[in-house]
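Residue numbers (the working numbering): 5 to 430.
Ideal Cβ positions, reconstructed from N, Cα and C, are used throughout, including at glycine.
Quantities reported herein were computed from a predicted structural model and do not represent experimental measurements.
For reference, the structure discussed in these notes is given below.
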Ligand code: GDP
Ligand code: IMO
Ligand code: MG
């Protein structure tokens with residue numbers, strides 16, 4: 005029957021991977037629709053911590069088929085490495101279970117080099133990208149000069165074209181950035197080997213999704229990043245280069261809106277951001293450091309410390325509006341245990357004007373003129389990682405969730421109280 009869309013509502017790393025893993029028990033197909041190996045989605049099962057970058061987070065459920073959709077940008081070397089890592093753990097990653105859309109785009113080592121070169125050239129204005137080549141590859145996609153996964157079906161001609169595009173990129177590396185070229189023949193040979201490994205995973209992704217929906221199967225569309233990193237609706241230019249919102253699932257997988265039955269927004273109980281750009285509720289004192297330590301807020305992909313801040317309800321309202329959210333999955337509530345007072349941004353103000361929605365549309369510079377309006381709530385002392393029902397939560401934690409539901413007008417249907425599969429109130 006339906007398509008369920010799951011998206012991040014903040015700046016990524018909300019815990020999408022663990023919520024997908026939890027939902028996947030009732031799902032036929034889990035499909036990633038955007039981004040590349042800039043994403044790092046963590047699934048913790050039976051004490052094992054698994055960081056997934058390209059493989060959808062449903063992979064640990066043997067009955068689930070996983071699709072890397074057309075909207076994703078794929079570094080074939082990373083994908084092969086991830087497949088090997090999962091296979092070594094005994095996870096079935098055969099072509100019957102893991103499928104790659106022929107229309108997904110290919111990241112080359114020179115995309116990564118160009119990403120790094122552009123970041124270095126921006127100096128103090130650097131975006132703080134993951135340097136995975138995301139910006140350059142989506143630019144080449146839009147310019148209609150890029151290689152696609154389907155080209156790997158013929159490894160020989162694929163590798164010839166790889167060498168051509170690498171040479172093209174080399175000219176830019178040398179002329180624009182004064183950097184040494186990368187070796188086209190060697191890269192072509194490496195990519196030829198990847199193509200031989202991956203060609204059996206290639207499918208018509210849109211057909212797979214369309215036929216499954218028509219046959220009454222359930223598809224979970226797994227977003228990467230989050231609303232405020234969205235190319236169109238995030239804090240531009242401090243964003244990623246793909247569509248991270250619910251609409252991106254339709255374009256990134258190729259199906260129509262009438263199948264969408266549920267849109268789930270994953271929100272952390274506080275806010276984090278990796279990389280540069282505006283973050284109005286960022287905490288700079290020891291409370292921020294404490295959240296970083298207790299929450300383990302270090303990047304899954306780059307290991308960078310994440311910036312930490314208070315929950316921002318203007319962001320969640322904006323996320324509800326842009327994505328048409330039905331519900332929130334709220335993660336990491338346990339991390340707030342032990343804080344005496346908890347602040348929550350409930351609106352923004354500029355020159356006496358108030359807005360309830362995060363003012364992202366005019367870009368990062370305009371955003372700096374707005375100030376968050378806070379409410380302060382009492383915290384709770386109790387450890388909650390063993391709590392499995394809302395009624396057992398400390399009253400202050402219940403009030404915190406009630407405030408979110410009241411102010412945003414959307415129910416919280418999942419509460420994470422620890423990273424393990426069963427550490428949730430559902
Ligand atoms: P994603 O990119 O949205 O999938 O999120 P990440 O995996 O990058 O970051 C989320 C981190 O929080 C991971 O290390 C998860 O294991 C962890 N996590 C997820 N939910 C919870 C929770 O409810 N409590 C705690 N303590 N950790 C959680
Ligand atoms: P998941 O899916 C958090 C951030 C980078 C940088 C900006 C642009 O795990 O939530 P890019 O490499 O995409 O050009 O970097 O976006 N970023 C993420 N931050 N979680 C992610 O993914 C991210 N993917 C990219 O830190 O600020
Ligand atoms: Mg992540």
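Distances from the alpha-carbon of residue 60 to those of 81, 208, 102, 26 put 102 closest. Spanning the alpha carbons of residue 333 and residue 316 requires a straight line of approximately 15 angstroms.
The alpha-carbon separation between residue 56 and residue 304 amounts to approximately 9 angstroms.
Here residue 128 is exposed: its Cβ has fewer than 16 other Cβ atoms, across all protein chains shown, within 10 Å. The beta carbon of residue 97 lies closer than 6 angstroms to those of 87, 90, 91 in the same chain, with the five residues before and after it left out. Contact between residue 35 and residue 265 is absent: CB atoms are separated by about 15 angstroms, not below the 8 angstroms threshold. Nearest C-alpha to residue 306 among 291, 278, 321: 278.
In terms of side-chain proximity, the C-beta atom of residue 57 is found no nearer than 7 angstroms to any non-hydrogen atom of ligand 3. Annotated three-state conformation of residue 252 is helix, per DSSP. Shown here for residue 287: same chain residues with a beta carbon closer than 8 angstroms to its own, the five before and five after excluded, namely 295, 312, 313, 314 in chain order.
Those residues that bring their Cβ nearer than 5 angstroms to a heavy atom of ligand 3 are 17, 44, 304. DSSP lists 10, 36 as the beta-bridge partner residues of residue 226.
By the beta-carbon neighbour count (other beta carbons within 10 angstroms, threshold 16), residue 158 is exposed. Here the stretch 197-208 does not lie against the stretch 131-150, with fewer than 3 beta-carbon pairs under 8 angstroms apart. Approximately 22 angstroms separates the beta-carbon atoms of residue 428 and residue 15; this is outside 8 angstroms, ruling out the contact.
Under the three-state reduction of DSSP, residue 185 is assigned to coil, being neither helix nor strand.
Residue 12 places its beta carbon less than 8 angstroms from that of residue 231. Taking C-alpha positions only, residue 187 is separated from residue 345 by approximately 56 angstroms. According to the DSSP assignment, residue 102 belongs to the beta strand (DSSP E) that extends over 102-105. For residue 368, the enclosing alpha helix (DSSP H) covers residues 367-371.
A straight line joining the alpha-carbon of residue 354 with that of residue 217 spans about 46 angstroms. Under the Cβ criterion (8 angstroms, minimum of three pairs), the stretch 43-50 counts as touching the stretch 17-31. Taking all protein chains shown into account, residue 137 has 16 or more neighbouring C-beta atoms within 10 Å of its C-beta and is therefore buried. About 6 angstroms separates the beta carbons of residue 227 and residue 10, which is inside the 8 angstroms limit, making them a contact pair. Ligand 1 has a heavy atom closer than 7 angstroms to the beta-carbon of residue 19. Straight across, the Cα-Cα distance linking residue 262 with residue 407 is about 32 angstroms.
Take residue 123, set aside five residues on each side of it, and the residues of its chain with a beta-carbon closer than 7 angstroms to its own are 130, 131, 133, 135, in chain order.
In the displayed model, residue 98 falls within coil according to three-state DSSP, outside both helix and strand.
For residue 223, the closest alpha carbon among the candidates 243, 253, 359, 242 is that of 253. Less than 8 angstroms divides the Cβ of residue 351 from the Cβ of residue 318. Nearest neighbour of residue 430 by Cα position, chosen from 422, 393, 280, turns out to be 393. Residue pairing of residue 332 in beta bridges, as defined by DSSP: 269, 416. With a cutoff of 8 angstroms on beta-carbon distance, residue 78 and residue 40 are scored as near each other. Under the three-state reduction of DSSP output, residue 67 falls in the coil class, being neither helix nor strand.
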